[in-house]
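Residue numbers (my numbering), protein chains in the order written: chain W, -3 to 109; chain L, 6 to 118. Here a beta-carbon is modelled for each residue, glycine too, at the ideal position from N, C-alpha and C. Small disclaimer: the values here were computed from a predicted structure and weren't measured.
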Amino acid sequence: NAGVMQNPRHLVRRRGQEARLRCSPMKGHSHVYWYRQLPEEGLKFMVYLQKENIIDESGMPKERFSAEFPKEGPSILRIQQVVRGDSAAYFCASSPETGGEQYFGPGTRLTVT
Amino acid sequence: GDSVTQMEGPVTLSEEAFLTINCTYTATGYPSLFWYVQYPGEGLQLLLKATKADDKGSNKGFEATYRKETTSFHLEKGSVQVSDSAVYFCALSAQAAGNKLTFGGGTRVLVKP
Chain W
-3 NAGVMQNPRH
7 LVRRRGQEAR
17 LRCSPMKGHS
27 HVYWYRQLPE
37 EGLKFMVYLQ
47 KENIIDESGM
57 PKERFSAEFP
67 KEGPSILRIQ
77 QVVRGDSAAY
87 FCASSPETGG
97 EQYFGPGTRL
107 TVT
Chain L
6 GDSVTQMEGP
16 VTLSEEAFLT
26 INCTYTATGY
36 PSLFWYVQYP
46 GEGLQLLLKA
56 TKADDKGSNK
66 GFEATYRKET
76 TSFHLEKGSV
86 QVSDSAVYFC
96 ALSAQAAGNK
106 LTFGGGTRVL
116 VKP
């Protein structure tokens, strides 16, 4: 049973470009969480999604960031017009149910030049 | 809101030494408590958890006890190995908050031979 997969593992973007981060949850998991880890800091919650629904986006910046989890395919975290402050590691976690244990992917390390 | 405070690192130890990482939390209700470990360049792995007061989580020689009266969940290991070198994160989740994880800042542990 494959674990949570994220791609790309490393992503370099110039300021003003768009970044798309993908997360494929574990088989049978319909809940996805996205977290951001800034350098030398802990992880901060961004958004919680179930299939086709955003449940909690209280941690998402109000502008430039969006997330989706379609009926088919991976969850996508999209950052428009990236800035240097967006450089971070972005982790997703999946869970089989509400309140279930969260399993983390290896992360996508975004560098904005 | 919910928060987690853990001791800052780095913590440098010799092999076979005793390890303690302090963690305290603030939360409404009765959260579940977790310790995650992050090895260099990797995602987070769940190390242990406790879901109610006085529960003791244990795994790979690590232990932590859920202390409601002191709102603490300190991590301990009696005899560390070089392979325990990693960053350790204390976290909580609350059902009322959609079970998103709130993390402490992380503690880097370096074990020297």
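Beta carbon of residue i nearer than 7 Å to that of residue j
i       : j       : result
A55(L)  : A99(L)  : no
K73(L)  : A58(L)  : yes
L34(W)  : F108(L) : no
A89(W)  : R105(W) : no
F87(W)  : G103(L) : no
I75(W)  : F65(W)  : no
P102(W) : S20(W)  : no
Length of the line joining the Cα atoms of residue i and residue j
i       : j       : result
L17(W)  : Y93(L)  : 25 Å
V97(W)  : S91(W)  : A small fix is needed here, since residue 97(W) is Glu in this sequence, not Val. Between E97(W) and S91(W), the C-alpha separation is close to 6 Å.
I72(W)  : E20(L)  : 42 Å
K105(L) : F39(L)  : 12 Å
P15(L)  : G111(L) : 10 Å
Q46(W)  : E68(L)  : 33 Å
E59(W)  : D82(W)  : 12 Å
L51(L)  : P45(L)  : 15 Å
T17(L)  : K67(W)  : 47 Å
L7(W)   : P118(L) : 35 Å
Buried or exposed by the 16-neighbour rule on C-beta atoms within 10 Å, applied to residue i
i      : result
R11(W) : exposed
P57(W) : exposed
H27(W) : buried
P36(L) : buried
V42(L) : buried
Original post:
Looking at chain L, which residues of the stretch 14 to 47 of chain W have a Cβ within less than 7 Å of any of its Cβ atoms?
Top reply: Y29, E37, G38, L39, F41 and Y44
Subject >> Chain-ordered residues of the stretch 98 to 111 of chain L with a beta carbon less than 9 Å from chain W >> reply: S98, Q100, A102, G103, N104, K105, L106, T107, F108, G109, G110 and G111
Original post:
Taking the runs of the beta strand (DSSP E) that are 3 residues or longer, which of them lie wholly in the stretch 4 to 83 of chain W?
Top reply: 6 to 9, 15 to 20, 27 to 33, 39 to 46, 49 to 52, 61 to 64 and 71 to 75
Subject >> chain L contacts from the stretch 49 to 65 of chain W (Cβ-Cβ distance under 8 Å) >> reply: I51, D52 and G55
**OP:** Closer than 8 Å, Cβ to Cβ, to anything on chain W: give me those residues from the stretch 62 to 89 of chain L, in chain order.
**Re:** none
Original post:
Mind listing which residues of the stretch 8 to 30 of chain L have their C-beta closer than 7 Å to chain W's C-betas, in chain order?
Top reply: Closer than 7 Å at the C-beta level to chain W, one finds no residue of the stretch 8 to 30 of chain L.
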